[in-house]
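So the sequences go chain by chain: A and B. Here the first sequence is numbered in the numbering used here, starting from 2 and rising by one per residue. Here the second sequence is numbered in the numbering used here, starting from 2 and rising by one per residue.
There are 2 protein chains.
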Amino acid sequence: MSVDQLIQKIKEKQNPSVAGLDPQISYVPAYMRERAYREYGKTLKGAAEAVWEFNKGLIDALYDVVPAVKPQSAFYELYGLPGEEVLHRTIRYAKEKGLYVILDVKRNDIGSTAQAYSAAYLGKVDIDGEQVEACPVDSVTVNPYLGTDGILPFVQDCKTYGKSMFTLVKTSNPSSGELQDLLLGDARIYEKVAELVCKWGAECMGESGYSSVGAVVGATYPEQAKTLRKLMPKAYFLVPGYGAQGGNAQDVKNSFNDDGLGAIVNSSRGIMCAYKKGDWKEEAFAEAARAEAIRMKEELNSIL
Amino acid sequence: MSVDQLIQKIKEKQNPSVAGLDPQISYVPAYMRERAYREYGKTLKGAAEAVWEFNKGLIDALYDVVPAVKPQSAFYELYGLPGEEVLHRTIRYAKEKGLYVILDVKRNDIGSTAQAYSAAYLGKVDIDGEQVEACPVDSVTVNPYLGTDGILPFVQDCKTYGKSMFTLVKTSNPSSGELQDLLLGDARIYEKVAELVCKWGAECMGESGYSSVGAVVGATYPEQAKTLRKLMPKAYFLVPGYGAQGGNAQDVKNSFNDDGLGAIVNSSRGIMCAYKKGDWKEEAFAEAARAEAIRMKEELNSIL
Numbered sequence: 002m003s004v005d006q007l008i009q010k011i012k013e014k015q016n017p018s019v020a021g022l023d024p025q026i027s028y029v030p031a032y033m034r035e036r037a038y039r040e041y042g043k044t045l046k047g048a049a050e051a052v053w054e055f056n057k058g059l060i061d062a063l064y065d066v067v068p069a070v071k072p073q074s075a076f077y078e079l080y081g082l083p084g085e086e087v088l089h090r091t092i093r094y095a096k097e098k099g100l101y102v103i104l105d106v107k108r109n110d111i112g113s114t115a116q117a118y119s120a121a122y123l124g125k126v127d128i129d130g131e132q133v134e135a136c137p138v139d140s141v142t143v144n145p146y147l148g149t150d151g152i153l154p155f156v157q158d159c160k161t162y163g164k165s166m167f168t169l170v171k172t173s174n175p176s177s178g179e180l181q182d183l184l185l186g187d188a189r190i191y192e193k194v195a196e197l198v199c200k201w202g203a204e205c206m207g208e209s210g211y212s213s214v215g216a217v218v219g220a221t222y223p224e225q226a227k228t229l230r231k232l233m234p235k236a237y238f239l240v241p242g243y244g245a246q247g248g249n250a251q252d253v254k255n256s257f258n259d260d261g262l263g264a265i266v267n268s269s270r271g272i273m274c275a276y277k278k279g280d281w282k283e284e285a286f287a288e289a290a291r292a293e294a295i296r297m298k299e300e301l302n303s304i305l
Numbered sequence: 002m003s004v005d006q007l008i009q010k011i012k013e014k015q016n017p018s019v020a021g022l023d024p025q026i027s028y029v030p031a032y033m034r035e036r037a038y039r040e041y042g043k044t045l046k047g048a049a050e051a052v053w054e055f056n057k058g059l060i061d062a063l064y065d066v067v068p069a070v071k072p073q074s075a076f077y078e079l080y081g082l083p084g085e086e087v088l089h090r091t092i093r094y095a096k097e098k099g100l101y102v103i104l105d106v107k108r109n110d111i112g113s114t115a116q117a118y119s120a121a122y123l124g125k126v127d128i129d130g131e132q133v134e135a136c137p138v139d140s141v142t143v144n145p146y147l148g149t150d151g152i153l154p155f156v157q158d159c160k161t162y163g164k165s166m167f168t169l170v171k172t173s174n175p176s177s178g179e180l181q182d183l184l185l186g187d188a189r190i191y192e193k194v195a196e197l198v199c200k201w202g203a204e205c206m207g208e209s210g211y212s213s214v215g216a217v218v219g220a221t222y223p224e225q226a227k228t229l230r231k232l233m234p235k236a237y238f239l240v241p242g243y244g245a246q247g248g249n250a251q252d253v254k255n256s257f258n259d260d261g262l263g264a265i266v267n268s269s270r271g272i273m274c275a276y277k278k279g280d281w282k283e284e285a286f287a288e289a290a291r292a293e294a295i296r297m298k299e300e301l302n303s304i305l
């Protein structure tokens, strides 16, 4: 689904936020982990099934509040093949519930290899003439370090299959500046990447006026976000770093355009671990997640 | 296994090369594909099983010639869950045959997420106190765009578990210069990344005098390799781009130190598709791969 469909879901839910599904095992309520360990042992399978039960509970509680979910591939690869299987199950389930699925994989490689990654997640796999889907999602994150020929296969599949993508521009982590902020003459690296995002995105414009080639811009760097918003007026921003990483609603405001669109703000730990704050019982993890997602929605709407 | 163990295997085989296992389905001999399709159909499973049979034949023919193999994750993710399963099977089989396994995943993320990736591939996964291996390999490739805190978890696991890693510095693809060659004052981005590689690597020095934190430096940019060799004297270089991508033996010479060590040169298509050149029959794909691997070994030794 292209950026237009993401925007439609954001408007329907009146909520420019995405729930990150980054299920470290310590996030999963203890009773749920113990149940899975009783059945499968403290194994990759046991951990993965606990994650699945947690994810399913979260999706059931969130699908009418948030427009999108963002599974973080690392926390499924972490549990080996059983983890990968649960990632696929989670994606399918989220799509069945009408959610827009952004798979956070940050893939990057030379052209022919980037094409394989793109076919796996956005496009189709050609098996001697049969067109097959491997792990179909609506959107992926990519890393720009290899330049245009590592990005174009994704752009092409966004066009062909009506998908979207988010290129890392300015990430939310403390050391993001080490490379991204380096000064070239009078511009920073992240501004140079922003220029490329505009160039790549020009071929993928939606009816909404936004491009299906978006950008990752961390909530933890609001001043840089302001600059980047101007440099990439038509790129949708995926904004990590809100909540647990320290970014607040005022900080993310700079990532939005005056039309109240242009950004979707991610919260992972804040929503998944909401039950660990306040007086929630573990069994109410989903209810707590829903309450936090609604609180976040209201907070975001209050600043827009 | 640390860089010392890689060097030991290189010395034993007298061969500083690594066979890339990037099995696009079109690389697999037609009779082998057809056999898999008869059993499993033109499905992800059919493609993955054809890839497995191909990989097994290649490993059987190469394990006493090359010290290492480098599976490219994209070409397994391409075939969904059956592809992932074949990746794991390939890794296990290569390790049983005594090969050093470098998994080409180019992972990158913020600190806590990088830790999950590193645990999955280099370290161990903690499942409520049980230490489990998810997808254990000897080495991975990583992307530096997020800076130090996305890299340190891998460095830590290299130290703890005696593994190695290769950070993208100057990649082999045509557009690698778009970001990597940008000029900051009097240095290029790739030189800046080289400085970081040295810093990260200082804590991971082996008895060989080389660090377990290595660098990816493309064979297609020999002049840049010469500069980078001086800037990172103790980093092992993983050198893609030899053969099919255009780099020749003279081009890769610059990636080696005067001790004849310091680099391992990758060939993927050149070895895997050797049977498509000359008078080989498809059934002799493994023999052709072996002949090409031996030719490459001799060529590399002739320039060192």
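Glycine included, every Cβ here is placed at the ideal spot set by N, Cα and C. From a predicted model like this one, the values you see are computed outputs, not experimental measurements.
Limits of the beta strand (DSSP E) - the one that residue i falls within
| i | result |
| --- | --- |
| B:Leu22 | Ser18 to Leu22 |
| A:Val70 | Ala69 to Pro72 |
| A:Met215 | Per the sequence shown, the amino acid found at residue 215 of chain A is Gly instead of Met. Its beta strand (DSSP E) spans residues Ser212 to Val218. |
| A:Met166 | Ser165 to Lys171 |
| A:Val253 | Unbroken run through A:Val253 is the alpha helix (DSSP H), Ala250 to Lys254; no beta strand (DSSP E). |
| B:Asp127 | Val126 to Ile128 |
| A:Leu79 | A:Leu79 -> no beta strand (DSSP E), and no H or E assigned at all. |
| A:Ala236 | Ala236 to Val240 |
7 Å Cβ cutoff, residue i in contact with chain B
| i | result |
| --- | --- |
| A:Gly81 | yes |
| A:Glu85 | yes |
| A:Ile60 | no |
| A:Val126 | yes |
| A:Asp260 | no |
| A:Asp129 | yes |
Residue i at chain A interface by Cβ criterion, 7 Å
| i | result |
| --- | --- |
| B:Phe76 | yes |
| B:Val217 | no |
| B:Ala121 | yes |
| B:Asp252 | no |
N- and C-terminal bounds of the alpha helix (DSSP H) containing residue i
| i | result |
| --- | --- |
| B:Asp139 | No alpha helix (DSSP H) contains B:Asp139, which DSSP labels as neither H nor E. |
| A:Ile26 | Taken as a continuous stretch (DSSP letters only), A:Ile26 belongs to no alpha helix (DSSP H), as it is neither H nor E. |
| B:Asn267 | Element bounds for B:Asn267: not the alpha helix (DSSP H) but the beta strand (DSSP E), Ala264 to Ser268. |
| A:Trp1 | Residue 1 of chain A falls outside the range modelled here, since chain A spans only 2 to 305, and no answer is possible. |
| B:Thr149 | Unbroken run through B:Thr149: none, as it is neither H nor E. |
| B:Lys12 | Val4 to Lys14 |
| A:Met233 | From DSSP, A:Met233 is part of no alpha helix (DSSP H); its letter is neither H nor E. |
| A:Glu35 | Ala31 to Tyr41 |
| A:Gly99 | First-last for A:Gly99: undefined, no H or E at that position. |
| A:Ser119 | Gly112 to Tyr122 |
Strand pairing of residue i, partner residues [DSSP]
| i | result |
| --- | --- |
| A:Ala1 | Because chain A is modelled from 2 through 305, residue 1 of chain A falls outside the range shown and cannot be assessed. |
| A:Arg296 | In the DSSP output, where bridge partners are listed per residue, A:Arg296 has none listed. |
| B:Phe155 | For B:Phe155, which the question treats as bridged, DSSP gives no partner whatsoever. |
| A:Glu131 | A:Ile128 |
| A:Leu104 | A:Val141 |
| A:Met273 | Note: A:Met273 sits in no beta bridge, so no partner. |
| B:Met206 | B:Ser212 |
| A:Tyr94 | A:Tyr94 pairs with nothing; no bridge assigned. |
| A:Tyr243 | A:Gly248 |
Beta-carbon separation (whole angstroms), residue i vs residue j, contact threshold 8 Å
| i | j | result |
| --- | --- | --- |
| A:Asp173 | A:Gly242 | In the sequence on display, residue 173 of chain A carries Ser and not Asp. With a Cβ gap of about 3 Å, A:Ser173 and A:Gly242 count as contacting. |
| B:Asn267 | B:Lys71 | 6 Å |
| A:Gly163 | A:Met2 | 6 Å |
| B:Ser212 | A:Gly148 | Not confirmed; about 27 Å, so no contact. |
Interface partners of residue i on chain E, CB under 7 Å
| i | result |
| --- | --- |
| A:Arg34 | The structure shown has no chain E; the protein chains it does contain are A and B. |
Residue i Cβ short of 6 Å to the ligand NAP heavy atom set
| i | result |
| --- | --- |
| A:Thr91 | Only the bare structure without any ligand can be found here, which leaves the ligand NAP out of the picture. |
### Residues in the segment 164-194 of chain B having any Cβ partner in chain A nearer than 9 Å
Leu169, Thr172, Ser173, Asn174, Pro175, Ser176, Ser177, Gly178, Glu179, Leu180, Gln181, Leu183, Leu184, Leu185, Gly186, Ile190, Lys193 and Val194
Residues of the segment 265-277 of chain B with a CB closer than 8 Å to any CB of chain A: list them in chain order, please.
-> When C-beta distances to chain A are compared with 8 Å, every residue of the segment 265-277 of chain B stays at or above that value.
Query raised in the report: What residues in the segment 132-163 of chain B bring their beta carbon closer than 7 Å to a beta carbon of chain A?
Result: Val133, Ala135, Cys136, Asn144, Pro145, Tyr146, Leu147, Gly148, Thr149, Asp150 and Gly151
Quiz item: Along the segment 86-119 of chain B, what residues have a CB closer than 7 Å to any CB found in chain A?
Solution: Glu86, His89, Lys107, Asn109, Asp110, Ile111, Gly112, Thr114, Ala117 and Tyr118
message: By the 9 Å beta-carbon criterion, what residues does the segment 37-50 of chain A contribute toward chain B?
response: Tyr38, Gly42, Lys43, Thr44, Leu45, Gly47 and Ala48
Under 8 Å, CB to CB, which of the residues in the segment 195-210 of chain B have a partner in chain A?
Leu197
Exercise. Quick one, which residues of the segment 221-237 of chain A are near chain B if we go by CB-CB under 9 Å, in chain order?
Worked result: none
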